[in-house]
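Protein chains in written order, with the working numbering: chain A, 155 to 623; chain B, 4 to 494.
Even glycine gets a Cβ: it sits at the ideal position worked out from N, Cα and C.
Notes follow once the structure below has been shown.
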């Protein structure tokens, strides 16, 4: 029936409806920032719950758009992330002049990501990717008074343009050698000829830019540092998560015939990414730069999981991203509170943080432990399953190096814990009162960080959904 | 008995500590929790003794719950005699540790919370029969140590905390590779099932070093022992006790239960390497102790030497030597905990741990000094105390291995006892006897909590020392299973 698309594209539709509601509100009478944010948060909450209703599978528009339960779940994870970010950014947005515009930009990005996740065709995928990038660059510029914010936006747009051009080049060669752009048909025509491998490398580079895999990670730290915290957390969690979801499904389905080639590439790239991310993270003092490099290392670990090319590999990636949403957003939430209350963003400012802000300290500590992969936090399960999926291939040298790299990552996370709990500081950050919305967000994150690992049903469900891949 | 209680009770204690108010409540809750744990441990012991017969299964009180089904990960617990001995040891040390740190005022809530969290890890580790849960609990025990040392420690505490945490994490990373290697050749994490499967020798040879060295880091395997002196000496008293008494035993237990039991052929193949490094650790530890002037360093280095006996016992692969290794784990746990408790008591009064600055303490603090002497004598292996029983069992077991190089290692290890006697007697003599520093005349003797803590540990030491057959009966069936598996004896 022609109305099918309403159900199949309901998550995209929801977002577009929200965007239009915001647009009309903006055109109507003047409202206070508080009322805008309340409306947005309620809409996003409804959006999150609505996302779980009527999960259906299907294909639309000549395989341009497809959806299945895993994709719906992935979109729901992203919806959850945007809700948490929105709750967290209330204290930053309170004094901002353009609240609805900010949300419109972020939500358009989300629409792009959703189309990208559901793409069944390389062109559709490219369209979604572009839609998810350009508004984001505008959002990165949203600290209107700060030059660094504009700089971040410029860097983001340039690096995205480069990666898009690489992707397009790759796509065009794929089209040239296979004669099709549809995901379901490409594999039949892939036969490991060098031109196809070359095209794949270009595509991989494009992806690598988006998820900041070394050596394509150079933009990450600068953009993360300059952009407002809300955008940084969006970039590091949601934007990366979305591309990772697509990356897994594209590698596992479309490029399955090239599995040997991409396994070797992932092997090298993931180790390089982990090592580069780790080594640079050790030296950082700015918290946002630090989280940028730590997120690079995390992506390296995700690549280890992807390289396992099994059902467990796909499931562990989705599962890890879910956990990553909680743990990274908890860390960013604390950073954002501190930064909007005091303007302090460097790690050395956090010395003796525990003396003045015990609750925030524990939240940050638990989040960092989860990022480091220490039990009983969910991060442990996430990392374990990633490495475990990676070892399914039997390349234990690879796994040993990755596992030993966890020690380095452990070191720099503990360095912050040490600053918080053990170091002396004459002028620690003063006591910060946590407004209601960020508090809700932080508690939600911490509940997630602690619970997601133990509730095995979540992993089982994701694993079940990953069968198709 | 429901073994999960051993995890739930400390966890509940920890959570209720978080919600308590005031130092008094915190202490009382922790003590109550520790008492319940000790009660549970004894209840478990009695139930085991009652129900255990020659025909009972290898692991008793088993319970299994499918945790992550797609990966075949189960929450699977069960105990044999060895685990029960370890659980008892943990319960003893937890209660003693809490009593010793009774007066901790700095961030007391967090302190006791972390101690309880550490004990959750230890109990969970000892009852796990699934490699995933085992690994999970092993790692749980690392972070509390880091925070305990870093926040409440003394000296270069941040450095020591970081070193310990990183080295132990490195150990667990190696363990992870070992476990993954086992899994992908057997497709299960279940220890009992893996033990029934023939794991190819090449696989065993590849992954045994990962597992053994990984766990070995925890139990001060030479040359990965360097965290021990720093960690122990910087840690607050209770943390030192937990560290030496419980945490180092995680490693020994893991070497035995995971590495040796699941990869028996590789254990035989690599036995000489283990012996080599264990002997080095024993001798090096003993001589390094001779050079120490700080009481905590003395005990820490002697721990390296004593834990060497555990590894020696495991490496020798005879029935008696493995029995000895387990005995030594229990005995060393109790003894070092007692030693650290005594040192902590002395330090809290004199504010120094340097042997040269102490002296004549027997006159002013007779109780503490006596505890110190008992711990020392146990450490050098005086008959009647647990140290003697454990070491003589290891030596006898080791001598049963007829290879001449193994005999040489045994002889060298035996000879280290002499060195032990030197440093123990010297430290004891200078601290307890001798002329007294006039500043110490006003010191007060042990308070009730300290007396109780020391008393509990001494009871353990003496019971093992006087009636070793009790514990031999307990651990015998467990070690039988392991050694039969190693030597390929079919039941």
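- Looking only at B:205, B:193, B:170 and B:202, the smallest Cα-Cα distance to residue 216 of chain B is reached by B:170.
- The bridge partners DSSP lists for residue 273 of chain A are A:219.
- Judged by their CB atoms, residue 456 of chain B and residue 344 of chain B are nearer to each other than the 8 angstroms cut-off.
- The Cβ neighbour count for residue 240 of chain B, taken over all protein chains shown within 10 Å, is at least 16; the residue is labelled buried.
- For residue 73 of chain B, the chain A residues whose C-beta falls within less than 8 angstroms of its own C-beta are 465, 466, 469, 613, 614, 617 and 618, listed in chain order.
- Residue 290 of chain B and residue 96 of chain B do not touch by the CB rule: their CB atoms are close to 28 angstroms apart, not below 8 angstroms.
- Take residue 451 of chain A, set aside five residues on each side of it, and the residues of its chain with a beta-carbon closer than 6 angstroms to its own are 428, 431, 432 and 563, in chain order.
- When the Cα atoms are used, residue 232 of chain A and residue 594 of chain A turn out to be separated by approximately 18 angstroms.
- With 16 or more other CB atoms across the displayed protein chains lying within 10 angstroms of its CB, residue 107 of chain B is buried.
- Between the C-alpha atoms of residue 460 of chain B and residue 472 of chain B there is a straight-line separation of about 19 angstroms.
- Nearest CB-CB separation between residue 477 of chain A and chain B: not below the 8 angstroms threshold.
- Residue pairing of residue 193 of chain B in beta bridges, as defined by DSSP: B:133.
- The beta carbon of residue 385 of chain A sits closer than 6 angstroms to the beta carbons of 293 and 294 from its chain, once the five residues preceding and following it are set aside; these are given in chain order.
- In summary, the residues of the stretch 165-179 of chain B whose CB is separated from some CB of chain A by less than 7 angstroms are 165, 168, 169, 172, 173, 176 and 179, in the order they occur in the chain.
- For the stretch 552-563 of chain A, the set of positions with a beta-carbon nearer than 8 angstroms to some beta-carbon of chain B reads 553, 554, 557, 558, 560 and 561 in chain order.
- Listed along chain A, the residues sitting closer than 8 angstroms to residue 70 of chain B by beta-carbon distance are 610.
- In the same chain as residue 313 of chain A, and ignoring 5 residues on each side of it, the C-beta atoms closer than 7 angstroms to its own belong to 363 and 373, in chain order.
- Within the stretch 171-208 of chain A, the complete alpha helix (DSSP H) segments at least 4 residues long are 187-205, listed from N- to C-terminus.
- Identification of residues in the stretch 524-536 of chain A having a C-beta nearer than 7 angstroms to some C-beta of chain B yields 528, 529, 530 and 534, given in sequence order.
- For residue 280 of chain B, the uninterrupted alpha helix (DSSP H) run begins and ends at 274-293, by DSSP.
- Under the three-state reduction of DSSP, residue 618 of chain A is assigned to helix.
- DSSP lists B:297 as the beta-bridge partner residues of residue 357 of chain B.
- Residue A:236 holds the alpha-carbon nearest to the alpha-carbon of residue 262 of chain A among A:236, A:537, A:591 and A:407.
- Listed as beta-bridge partners of residue 79 of chain B by DSSP are B:67.
- At a cut-off of 8 angstroms between beta carbons, residue 146 of chain B contacts chain A.
- Excluding sequence positions up to five before and after residue 10 of chain B, its CB lies within less than 7 angstroms of the CB of 123, 126 and 127, all in the same chain and listed in chain order.
- In this structure the stretch 345-355 of chain B does not lie against the stretch 417-429 of chain B, because fewer than three pairs of beta carbons, one per stretch, are closer than 8 angstroms.
- Per DSSP, residue 160 of chain A is one residue of the alpha helix (DSSP H) stretching across 158-162.
- In the three-state reduction of the DSSP assignment, residue 212 of chain A falls in the strand class.
- Within a 10 Å sphere around the beta-carbon of residue 378 of chain A sit 16 or more other beta-carbons, which makes this residue buried.
- In the DSSP annotation of this structure, the continuous segment of the alpha helix (DSSP H) that includes residue 310 of chain A starts and ends at 301-332.
- Within chain A, no residue has its CB atom less than 9 angstroms from the CB of residue 420 of chain B, the nearest being about 36 angstroms off.
- For the stretch 456-517 of chain A, the continuous alpha helix (DSSP H) assignments of 4+ residues that do not extend past its boundaries occur at 465-496 and 507-510, in sequence order.
- Not a single CB atom of chain A sits nearer than 8 angstroms to the CB of residue 11 of chain B.
- Under a criterion of Cβ atoms nearer than 8 angstroms, the residues of chain A adjacent to residue 183 of chain B are, in order, 541, 542, 545, 550 and 553.
- The beta-carbon of residue 567 of chain A is placed no less than 8 angstroms from the nearest beta-carbon of chain B.
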